[in-house]
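Below is one structure, written out as structure tokens; comments come after it.
Chains as they are written, first to last, in my numbering: chain L, 706 to 998; chain P, 7 to 300.
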């Protein structure tokens, strides 16, 4: 494969590859392996690490905090993923109608996407403030007494889900828009000739042709929603933290507050296992509904 | 495409003209009204952010939120600068983001060149290594990375903030894709003229990969400017804070002064919005690429 250049060619390969590869080994692959090893130790970074085998996992699964955090994470995934995808699809379908001012609309939907989670979470906190926030002010105008949102065990999660959807809808929308633009406009004319109405066209032409995009948007938003942290860390109100703790929050707490590096590493692998499993399930399911023409 | 009469004899120009804009009348309203309402929902919080940052404390806690503050004042910004070293945080963020972005684009471009434009034994094996790291979420590596930083004595240093971000498997993928599309003839001509790989990289491949490089640059800038979890781990000393971490500290402990928080939010959002406005195409292209590649 090297060809007649031999060693000279290899020198160039090393030259181009080394910086990235060394970084990858030191700061990603190495830590991945270290993290696997770490799951089998108890270590507070002060006293020497103690080998505990699979005990970290055993303790984790016996701990109700873990199951509660898992429930919260799943609640978030189930609430956030369908909502963000549906809204993004609707907006993309509207923008795909050759509207005037497409760039302006896209920019508006994109401002939350480029903003940091910190800014978005702080804004979310302010907007969902039960007494002075915009949301309850709006509800008040409609004659509805708004809930306490982040201060309420019941309403904190919906508030965080809505804030997250607000941030990400523009991102998923752009993915859908790109997918929609690959569908030739001639198909619409053809289906009209065959007597299809708009619903038929959407249901039997647009949706199937869009399904690879839908599938990818689903995978991306699902994987991301298992890894949520920033908005939960910032938006949780002091007295109401237990209502919303998610897995990554537990990783951070174990590593930082409790000095349990092994537990934190074990948690991160459980998270990975979940993401991996869910992705596998989706990959299986895609055969049923994704149409690769 | 709405309310279109079924016409069989449609010339190309008619079709093109018809497709350009929505027809007026009812069909257009069905689109524009919900679209504008949802756009308003998206943008109003930001308008409110700006307006809150221009009020004084006493006006913030009023029962009827005002989108245009009366009177408007820059007091919150002055107070914010007195309260915390927000200028320093801004400079930290800018420094870390600039170096991270430059480094990430450079290392990714070089590795992508080796993968896309060179033939060598073991290429596929190394590429699989890159693939593996893409699948593992960053939360898995963050704890050992933090321990590594502690062992090196790098907690609260710029190295800790910058070094781990200088390499990107995602960026390597993106650029490999973009480099692969360049026709072989161009570099073969250069090699015949005696050019080295480095010359081909610099004079042929990079100049022809503008859109890919721009996309990675904006994504990397955005990721680094907005990063929260890693800086939260390794930069906790006041002098090392980046904007997101510092901003998040403004609220929570005691009664939050929302006008100050919003002033900080405005300051932190301005650079990224400017980058977006200048590089809209690259952002959109990047997301579209992620979506279509699978």
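Note that the Cβ used here is the ideal one computed from N, Cα and C, for glycine as well.
Problem - Rounded separation between residue 865 (chain L) and residue 741 (chain L) - CA only - result: 32 Å
Exercise for the section: Could you pull the start and end residues of the alpha helix (DSSP H) that residue 761 (chain L) belongs to? Expected result: 760–767
Problem - Near-chain P residues of the region 813–829 of chain L - C-beta to any C-beta below 7 Å - result: 813, 814, 815, 816, 817, 819, 820, 821, 822, 823, 824, 827, 828
Practice task
Assuming residue 869 (chain L) and residue 955 (chain L) form a contact by the criterion Cβ under 8 Å, report the distance between their Cβ atoms to the nearest whole angstrom.
Solution key: With a Cβ gap of about 19 Å, residue 869 (chain L) and residue 955 (chain L) do not count as contacting.
Problem - Contacts that residue 44 (chain P) makes with chain L (C-beta to C-beta distance below 7 Å) - result: 796
Practice task
For the region 174–192 of chain P, enumerate the residues whose C-beta is nearer than 7 Å to any C-beta of chain L, in chain order.
Solution key: 175, 178
Practice task
Identify whether residue 755 (chain L) lies in helix, strand or coil by the three-state DSSP scheme.
Solution key: strand
Practice task
On the DSSP bridge assignment, give the partners of residue 746 (chain L) in chain order.
Solution key: L:756
Practice task
Confirm, please, whether the CB-CB distance from residue 940 (chain L) to residue 830 (chain L) is below 8 Å.
Solution key: yes
Problem - Which of helix, strand or coil DSSP assigns to residue 194 (chain P) - result: helix
Handout entry: Straight-line gap, residue 53 (chain P) to residue 73 (chain P) (C-alpha atoms, nearest Å)
Key = 7 Å
Problem - Per-residue contacts from residue 974 (chain L) into chain P (C-beta, under 9 Å) - result: 146
Problem - Residues of the region 767–785 of chain L whose Cβ lies closer than 8 Å to any Cβ of chain P, in chain order - result: none
Exercise for the section: Flag residue 91 (chain P) as yes if its beta-carbon sits less than 8 Å from any beta-carbon of chain L, otherwise no. Expected result: no
Handout entry: Close Cβ partners of residue 959 (chain L) (< 7 Å) along its chain, the five nearest in sequence each way excluded
Key = 965, 968, 969, 972
Handout entry: Boundaries (first-last residue) of the alpha helix (DSSP H) holding residue 917 (chain L)
Key = 912–931
Exercise for the section: Report all residues from its chain with a CB closer than 7 Å to the CB of residue 949 (chain L); omit the five preceding and five following residues, and keep chain order. Expected result: 777, 861, 862, 865, 937, 941
Handout entry: Minimum Cβ-Cβ distance from residue 849 (chain L) to chain P less than 8 Å
Key = no
Handout entry: Delimiting residues of the alpha helix (DSSP H) encompassing residue 141 (chain P)
Key = 129–141
Handout entry: Contacts that residue 156 (chain P) makes with chain L (C-beta to C-beta distance below 8 Å)
Key = 750
Problem - Member of L:827, L:877, L:821, L:857 whose CA lies at the smallest distance from the CA of residue 785 (chain L) - result: L:877
Handout entry: Residues of the region 93–119 of chain P with Cβ closer than 7 Å to any Cβ of chain L, in chain order
Key = 113, 114, 116, 117, 119
Practice task
Would you kindly check if the distance between the Cβ of residue 951 (chain L) and the Cβ of residue 781 (chain L) is under 8 Å?
Solution key: yes
Problem - Same chain, Cβ closer than 8 Å to residue 932 (chain L), neighbours up to 5 away in sequence not counted - result: 953, 976, 980
Exercise for the section: Examine the Cβ distances between the region 162–174 of chain P and the region 246–256 of chain P and report whether three or more of them are shorter than 8 Å. Expected result: yes
Exercise for the section: Identify, in the order they occur along the chain, each residue of the same chain with its Cβ nearer than 7 Å to the Cβ of residue 281 (chain P), setting aside the five sequence neighbours on each side. Expected result: 224, 227
Problem - Cβ shell of residue 747 (chain L) (< 6 Å), same chain only, five flanking positions each side left out - result: 755, 757, 967
Exercise for the section: Run down chain L in chain order and give the residues with a C-beta less than 9 Å from the C-beta of residue 279 (chain P). Expected result: 816, 819, 820
Practice task
Pick out whichever of P:58, P:264, P:112, P:277 has its Cα sitting closest to the Cα of residue 76 (chain P).
Solution key: P:58
Problem - C-beta contact flag for residue 82 (chain P) and residue 256 (chain P) at 8 Å - result: no
Handout entry: Below-8 Å beta-carbon distance, residue 139 (chain P) vs any chain L residue
Key = yes
Problem - Contact the region 110–123 of chain P vs the region 194–201 of chain P: 3+ CB pairs below 8 Å - result: no
Handout entry: Interface residues of the region 47–63 of chain P facing chain L [CB-CB below 9 Å]
Key = 47, 48, 49, 50, 51, 52, 54, 55, 58
Practice task
Give every residue of the same chain whose Cβ lies closer than 7 Å to the Cβ of residue 724 (chain L), excluding the five residues on either side of it in the sequence, and list them in chain order.
Solution key: none
Practice task
Round the Cβ separation of residue 794 (chain L) and residue 881 (chain L) to the nearest angstrom and send it over; I've been treating them as touching at under 8 Å.
Solution key: 5 Å
Problem - Alpha-carbon to alpha-carbon, residue 85 (chain P) and residue 78 (chain P) - result: 15 Å
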